[in-house]
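So for the sequence shown, numbering that gives the first Met the number 0 puts the first residue at 0; every next one is plus one. Yeah, the Cβ is synthetic: ideal placement off N, Cα and C, and Gly gets one too.
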Amino acid sequence: MVLTRFSDAMRGLGHIAGSQVHRSWWVAHDAVRSLRRSGRTAQLILSNELIVPVSQPYVADAVARWGAFETAA
């Protein structure tokens, strides 16, 4: 196991297209299937059905990258 800061680990992923969407989440761009909002919470739905939170500072970038929000059921 290697302990490192999240920001340092993300720098090592420079060759993979992806974005930080939460203080503890990074996602590969091609893994995102959709962007949705449920109440005040923004979430990404990944191709493997994982639901990833998108924190407020990253919402504008997520909308610019993955388009308008879908409505959660």
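Rounded to the nearest whole angstrom, the CA to CA distance from G17 to V26 is 5 angstroms. The segment 2-16 and the segment 31-41 do not touch, with fewer than three beta-carbon pairs separated by less than 8 angstroms.
Secondary structure note for R35: its beta strand (DSSP E) is the uninterrupted segment V31 to S37. A check of alpha carbon separations from N47 across Y57, H21, D29 and A61 identifies D29 as the nearest.
DSSP places S6 outside any beta strand (DSSP E); the residue lies instead in the alpha helix (DSSP H), whose first and last residues are F5 to R10.
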